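Colleague: Note that the UniProt record's numbering gives residue 386 to position 386 of the sequence shown, counting from 1, and the numbers run on in steps of one. Here it is: the structure, laid out below.
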Amino acid sequence: MSSTEKIPYARRFAKLLKAYDIDTIFGLVGIPIVTFANDLIDEGINFIACRNEQAASYAASAYGYLHNKPAVLLVVGGPGLIHALAGVYNSINNKWPLVVIAGSNDNGEHQYQGTFQEMDQMSLMGEYVKFKGKLNPTNMDFVTFNAFNHAIQAPQGVSYIDFPGDLIESGIMVDARVPENIQLPRQIKSCADPTIVKTVANIITDNVINNHKKILVVIGKGVSHFSEPIRQFIDKFNLPFLPTPMAKGIIPDDHPMNVSSARSMALKESDIVLVFGARLNWILHFGQAPKWKPDTIFIQCDNDVSTLGVNNERNVHLSLLGDIKLIIEQLITAIQTTSDEFKHPDLPLEMKTRIRQNESKLSKQEHTYNEKKELNYHTVYRTLRDTRDDLRTILVMEGANTMDKARVSFPTSFPLRRLDCGTNATMGVGLGYAIASRLSFPQMDTVLIQGDSAFGFSGMEIETLVRVKLGCVIVVMNNSGIYHGNNPHSSTKLSEQCRYDIVAKGLGAQGHLVTTLEDLKVKFEEGIVQSRANNVVTLLNVIIEHGKGAQVSFAWQNKAPSKL
């Protein structure tokens, strides 16, 4: 390529994204971005064309999380961008890195005249994203660098690039050269204030050794990429820990200091709580009584200053701000310096007893049926758990009862093996997440377990999985309703035993109606084998009991009397 060669603007942008180590882009094409999408493909970038911008945005959102670097989403402007806001919000609230590129109406011409899909997208996105930039003939390199740099820096988040249609369609030619050896943005990391680290180390050792206070370590999904240091921290000091749902497996669930099976008891009895990469939000009951002690000391360890002190006004001065991996290393050194033989006692007998009781209760539920001997969540999950290979399985969970019960039914010993609805408790993420996980780890099995209601949000993406040859197994827990399906006049009622398996067949996948555990085991194993060998997509439409039609409530929420 000569130094003076000119190429179309959109083609150079595709080359630049390739130089930024972008291997996969999710989206849905239309005017004006369809030409640009083809340029991406010509540059060797894998363009995953989804059936709906919402699903594409969720796939991109999860892809950024799994790779710990910005994913890219490409959509048309106007309604296309609006549809994609679901995944944008998902990445913002989960603090996952994402760069959104959207086509827009021509750069100034016919503005305010009702041009095609006209919308002030810069204003729409600007209030919520970390960076927004509108491309023009001369600023491509600047805008692209800033978009990726802002998305990757802590706390990770979303950047937006507005791509005017005239830059794509007018044939504007630019210098073909892309800077060699581009310095890709990397997250700038810093340690926490060493004075506060020392104070925290003293609080931990003094209260355990002298005052017999109980310590708990809460591990959030923000630690997912730092499994080794957090394991070292727990093992070195024998600390009790509680993973949040998507943090399961960062430390093996069968670790003797894991208190997940006695969660309520652990929360209620803890005096000092170290919170790594998690927020004191609804998932942790806002750090408030009655779930926690009124005087619990929370020590928040995070790379996002905006989370520190939230629901923790009394102890904000103990917060540790910095890179979580570096904070863990600082704490290990500081605690060893304070007390070189510090070890937390083993779990008390009462805690161990509660863990055994709850695990026994779950085991009993897994062998219990209603009077009609219908399948239920627990019996199905027992069969799937005993059949899957934990080491090579990424489990995506979506739904209300479907997800909540699955969280306790599938222990894991490995990080990044669980994807669920996350901070937003979002329905509709399942198939997008399955696409992202299968692309991210092609050597592993992707299993999506979702409720029948959740399937309805993005079921057409089965066609995407089939077309792109992303083999996986989808298990639809079909109780003919949202939460429960026993009342035909309730707002939660869906069609009775809807044939999602036939839908799957129509979209090119294997589909099976399952009503017995024997069928479930056989068809699940067949699905895994075919996924590995031939990238086949299999959907199991598992008919389960309707469930009890009790008043729907939010199980995570505190049950304290309202202050209103």
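Idealized CB from N, CA, C, for every residue including glycine. All values reported here derive from a predicted model rather than from experimental measurement.
1. Report buried or exposed for GLY388, applying the criterion of at least 16 other Cβ atoms within 10 angstroms of its Cβ.
2. Note the first and the last residue of the continuous alpha helix (DSSP H) segment covering SER57.
3. Identify, in the order they occur along the chain, each residue of the same chain with its Cβ nearer than 6 Å to the Cβ of LEU465, setting aside the five sequence neighbours on each side.
4. For PRO324, which of LEU439, GLY277 and ASN535 has the nearest alpha-carbon?
5. Strictly by DSSP, which residues pair up with ASN46?
6. Where DSSP assigns a beta bridge to HIS512, which residues make up the other side?
7. Mind checking whether GLY44 and LYS18 have CB atoms under 8 Å apart?
8. Nearest to LEU539 by alpha carbon, out of ILE502, GLN183, ARG385 and TYR63?
9. Considering just the uninterrupted stretch of the alpha helix (DSSP H) at MET122, what are its terminal residues?
10. Within 10 angstroms of the Cβ of VAL305, are there 16 or more other Cβ atoms? Answer buried if so, exposed if not.
11. Let me confirm a value: PRO179 is counted as buried when at least 16 other C-beta atoms fall within 10 Å, else exposed. Which label applies?
12. Helix, strand or coil: which one does DSSP assign to GLN113?
13. Can you tell me whether ALA509 is buried or exposed? The criterion is at least 16 other CB atoms within 10 Å of its CB, across all chains shown.
14. Residues in its own chain within less than 8 Å of LEU124 by CB, not counting five upstream and five downstream?
15. Thinking C-alpha only, which one of HIS150, SER453, ASN139 and PRO411 is nearest VAL100?
16. Quick check: ALA86 and TYR58, are their CB atoms within less than 8 Å of each other?
17. Given that a residue counts as buried once 16 or more other Cβ atoms are within 10 Å of its Cβ, and exposed if not, what is TRP292?
18. Return helix, strand or coil for ASN534, following the three-state DSSP convention.
19. DSSP on LYS95, reduced to helix/strand/coil?
20. Which one or two residues does DSSP pair with ARG418 in a beta bridge?
21. Taking the alpha carbon of residue 565 as the point to measure from, which residue in TYR63, ASP166 and LEU520 has its own alpha carbon closest?
22. With distance defined between alpha-carbon atoms, name the residue in ASN90, LEU513, SER264 and PHE148 nearest to TYR128.
23. Of all the options ARG438, ARG11 and ALA55, which has the alpha carbon lying nearest to the alpha carbon of GLY456?
24. Compute the beta-carbon to beta-carbon distance between PRO415 and SER224, rounded to the nearest angstrom, for a pair I have assumed lies under 8 Å.
25. Is it right to say GLU313 is buried, meaning 16 or more other beta carbons lie within 10 angstroms of its own, or is it exposed?
26. Measure the alpha-carbon distance for VAL200 versus PHE441 and round it to whole angstroms.
27. Measuring only the C-alpha atoms, how far is ASN46 from LEU439?
28. From which residue to which residue does the alpha helix (DSSP H) around MET351 run?
29. May I ask you to report which of helix, strand or coil DSSP gives PRO229?
30. Under 8 Å between the Cβ atoms of VAL88 and GLY30?
31. Would DSSP call ALA504 helix, strand or coil?
32. Out of VAL473, ASP295, LEU242 and ASN424, state which residue places its alpha-carbon closest to the alpha-carbon of ASN535.
33. In or out: ALA247 buried (at least 16 other Cβ within 10 Å) or exposed?
34. Which word fits GLN450, buried or exposed, when buried means at least 16 other C-beta atoms lie within 10 angstroms of its C-beta?
35. Looking at the strands, I want to know which residues DSSP matches up with GLY103.
36. I want to know whether the region 241–260 touches the region 224–233 - three or more CB-CB distances under 8 Å.
Modeller: Reading from the atomic positions:
1. In the sequence under discussion, the amino acid at residue 388 is Arg, which differs from the Gly named in the question. That one is buried.
2. 53–67
3. VAL537
4. Rather than Pro, the amino acid found at residue 324 in this sequence is Ile. Among LEU439, GLY277 and ASN535, the Cα nearest to that of ILE324 belongs to GLY277.
5. DSSP lists THR24 as the beta-bridge partner residues of ASN46.
6. LEU540
7. Less than 8 Å separates the beta-carbon of GLY44 from that of LYS18.
8. Nearest in C-alpha terms to LEU539, of all of ILE502, GLN183, ARG385 and TYR63, is ILE502.
9. 121–126
10. exposed
11. exposed
12. coil
13. buried
14. The answer, listed in chain order, is LEU81.
15. HIS150
16. A contact, by the Cβ cut-off of 8 Å.
17. buried
18. helix
19. coil
20. LEU395
21. Because the chain is modelled from 1 through 564, residue 565 falls outside the range shown and cannot be assessed.
22. ASN90
23. ALA55
24. 6 Å
25. exposed
26. 38 Å
27. 10 Å
28. 349–365
29. helix
30. no
31. helix
32. VAL473
33. Buried.
34. buried
35. Answer by DSSP bridge pairing, in chain order: PHE163.
36. yes
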